[in-house]
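Numbering (UniProt numbering), first residue to last: 1 to 489.
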C-alpha cells in the first residue's frame, strides 16, 4: 500500500469545506469536523489550529541551574550543515532498527551520510559525513512542513523520486553487507579517563587517543582484507597497550595515575557468530535482530519528489540554521561519551506512552526564556520559529544503549546533578530555526511530521543522536567544555 501522496490532491479539509467561504476554512478543522459530524482526525493535512499560541502571551518559564564552583562552562559547536544534500527517510535505526519506514514520518539528517534503518556501528563508522571536522555522528529529527491547502505544486528542493530510490537502495545494500562483515570491536578508552587531566599532558593524551583511532582503523582494514583475525588482534593488543601505557604514565607525572586502563587493550572480532567485547551494546544488538523480524510487516512507502507520506503532507521546511552545541554540567566536570552511544530526546509516541518523556521544545527567537511543550508558537514580526532540544546527559558509565533506549542515559535533576551511579557527559543541544511566514503561523499551517496517530501533536517532537566521533574529536570536545572555552569546528 502506498504511503506517500503527491501535492496534487483534494485534502480532507478541502472535501469538508467544499462550497464554504474562505473565512470558514481559516477557522480550523476542529470546528468543521464538529459541524459536519465527522469524528475522523484531521491530521492527514496538518495540525489543529487550537495547537497554536502567540508566544508573547506565554509567561517566561525557563529555569537554568545556578553554576557551582566546579562547573564546566565551555561549549563545543560542530558545523554539520542544514541537510543541503537532502538526506531524508522515514526510518529510525535506534528505536526501530532494521525496519524500513519504521518511523512512518520523515526524518531530516545531518552528519553521517549513511544513516537509515539498516545502520549499525560498523556502517556508521565507515560512512562519510557532512560535518566539517570529520565528526561521523548522526543527528536527526522529524521534518517541519507547511501545508497551505492550495493544492499547488511546491518547488522541490529534493532530488527526483527515482534518484532518491536508487540512492536508498544502494545505501541499504551497503549497510546489509556491513552487518554481515566482521568488525574489530575495542573497548572505549576516552570515556574511562579521569574527568580532569592536567594541562601539561593534554596534548599527549589527545595524541595517544588519535593513535588508538588509527590502530583500530588499520586492524579493520586487515580483517576486511581477509587476514586471519587472530593474527590481527594480538599485535593490535600490544599496540593499544603501549599507547595506553604512554598515556597513563604521562598523567602519572602530573597527577594520580589512572587505574585499570591496561584492561582496555584487548579487542575482539564481532560478527554474526561472535559477540565482540563487552562494550555495553548488547541491547542494541538484540534490537537489531528484533527489527529484522518486524521489517516484513511494515508497509513500504513509494518515493515521490516531495517526500510526502500518508498523514504527513506539505512542503518540507529546511531549517534556516542548525546549531549543534555540546555544553558542560553546572555542578562539575564532564567525562567523554563512549563511541556509538545512542541518545533519544522526547517521545515520538507520546499519545501512546504518555507525557513522561515529552520535552519542552517550541519557542521563537528572542523568546528563549519561554518554551512550549504542547503548542506551536506564533512569533511576532522579525522573530523565527525555533525548536530547542536539550538531550539527557547523565550516563550509567557502561552501556551505549538499553532495552528502552533511555535507561542508560537520563536527565540530571533540576539542580543539574546526576543520580548516584551516573556520570555527567557533555549535553547536546540542537537548535533548529525556521523562517516560517507569519501568515502561515497565524493560519496554523505548519506542523511537525509525526506517527499518524499522533496527529502532528507538538508534544510528539523528538530528536535522535548517535555518537560516532573519533576518540580524538571527543577528547577535544571534553577538554574544551571542562576548561571553559568556546570552541567551533
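For each residue, glycine too, the CB sits at the ideal point set by N, CA and C.
All values derive from a computational prediction rather than experimental measurement.
Where do the ends of the alpha helix (DSSP H) carrying residue i lie?
{"i": "residue 230", "result": "229-252"}
{"i": "residue 352", "result": "350-353"}
{"i": "residue 438", "result": "438-443"}
Along the chain, where does the beta strand (DSSP E) that runs through residue i open and close?
{"i": "residue 387", "result": "385-390"}
{"i": "residue 53", "result": "52-54"}
{"i": "residue 428", "result": "427-434"}
{"i": "residue 91", "result": "Here residue 91 belongs to no beta strand (DSSP E), and DSSP marks it neither H nor E."}
{"i": "residue 268", "result": "268-270"}
{"i": "residue 363", "result": "362-364"}
{"i": "residue 76", "result": "75-78"}
{"i": "residue 185", "result": "183-185"}
{"i": "residue 110", "result": "107-111"}
Can you tell me the Cβ-Cβ gap for residue i and residue j, rounded? I've got them flagged as a contact below 8 Å.
{"i": "residue 73", "j": "residue 444", "result": "So it is not a contact: roughly 40 Å between Cβ atoms."}
{"i": "residue 365", "j": "residue 373", "result": "At roughly 18 Å, the Cβ-Cβ gap does not stay under 8 Å, so residue 365 and residue 373 are not in contact."}
{"i": "residue 426", "j": "residue 140", "result": "Not a contact, Cβ separation roughly 19 Å."}
{"i": "residue 93", "j": "residue 61", "result": "At roughly 34 Å, the Cβ-Cβ gap does not stay under 8 Å, so residue 93 and residue 61 are not in contact."}
{"i": "residue 325", "j": "residue 478", "result": "14 Å between Cβ atoms; not a contact."}
{"i": "residue 186", "j": "residue 131", "result": "At roughly 23 Å, the Cβ-Cβ gap does not stay under 8 Å, so residue 186 and residue 131 are not in contact."}
{"i": "residue 183", "j": "residue 234", "result": "That belief does not hold up - the Cβ atoms of residue 183 and residue 234 are roughly 17 Å apart, past 8 Å."}
{"i": "residue 320", "j": "residue 433", "result": "5 Å"}
{"i": "residue 466", "j": "residue 207", "result": "Actually they are not in contact, since the Cβ atoms of residue 466 and residue 207 sit about 26 Å apart, beyond 8 Å."}
{"i": "residue 344", "j": "residue 464", "result": "6 Å"}
Please classify residue i: does DSSP put it in a helix, a strand, or coil?
{"i": "residue 475", "result": "helix"}
{"i": "residue 496", "result": "Examination of residue 496 is not possible in this model, given that the chain is present from 1 through 489 alone."}
{"i": "residue 488", "result": "strand"}
{"i": "residue 347", "result": "coil"}
{"i": "residue 129", "result": "strand"}
{"i": "residue 142", "result": "strand"}
{"i": "residue 96", "result": "strand"}
{"i": "residue 47", "result": "coil"}
{"i": "residue 24", "result": "For residue 24, the pLDDT reaches just 33, beneath the cut-off of 50, and the residue's location in the model is therefore unreliable, although a value from the coordinates is still provided. Helix, per DSSP."}
{"i": "residue 394", "result": "strand"}
{"i": "residue 309", "result": "strand"}
{"i": "residue 255", "result": "coil"}
{"i": "residue 480", "result": "helix"}
{"i": "residue 193", "result": "coil"}
{"i": "residue 417", "result": "coil"}
{"i": "residue 494", "result": "Limits of the chain in this structure are 1 at one end and 489 at the other, which puts residue 494 out of reach."}
{"i": "residue 37", "result": "With a pLDDT of 34 at residue 37, under the threshold of 50, the modelled position of this residue cannot be trusted; read the value that follows with caution. It is coil, neither helix nor strand."}
{"i": "residue 423", "result": "strand"}
{"i": "residue 203", "result": "helix"}
{"i": "residue 58", "result": "coil"}
{"i": "residue 219", "result": "helix"}
{"i": "residue 401", "result": "coil"}
{"i": "residue 84", "result": "coil"}
Quickly, what does DSSP pair residue i with across the bridge? List them, please.
{"i": "residue 321", "result": "433"}
{"i": "residue 377", "result": "53"}
{"i": "residue 315", "result": "146"}
{"i": "residue 466", "result": "138 and 342"}
{"i": "residue 448", "result": "144"}
{"i": "residue 326", "result": "76 and 428"}
{"i": "residue 410", "result": "394"}
{"i": "residue 459", "result": "Paired residue(s): none; residue 459 is not in a bridge."}
{"i": "residue 275", "result": "270"}
{"i": "residue 372", "result": "362"}
When you measure from the CB of residue i to every non-hydrogen atom of the ligand NAD, does any distance come out below 7 Å?
{"i": "residue 323", "result": "This structure lacks the ligand NAD; in fact it carries no ligand of any kind."}
Segment contact, 8 Å Cβ cut-off, at least three pairs: the stretch 101-118 with the stretch 76-87:
With a cut-off of 8 Å, the stretch 76-87 and the stretch 101-118 count as touching, because enough Cβ pairs lie within range.
Cβ pair count under 8 Å reaching 3, the stretch 307-324 against the stretch 389-396:
Short answer: they don't touch.
Would the stretch 326-335 count as touching the stretch 463-473 if we require 3 or more Cβ pairs under 8 Å?
Segments in contact, no.
Does the stretch 245-255 come into contact with the stretch 198-213, if we say contact requires no fewer than three beta-carbon pairs (one atom in each stretch) closer than 8 Å?
Inter-segment contact for the stretch 245-255 and the stretch 198-213 is present: three or more beta-carbon pairs are separated by less than 8 Å.
Between the stretch 407-416 and the stretch 375-386, do three or more beta carbon pairs fall short of 8 Å?
Flag = no, the stretch 407-416 and the stretch 375-386 do not touch.
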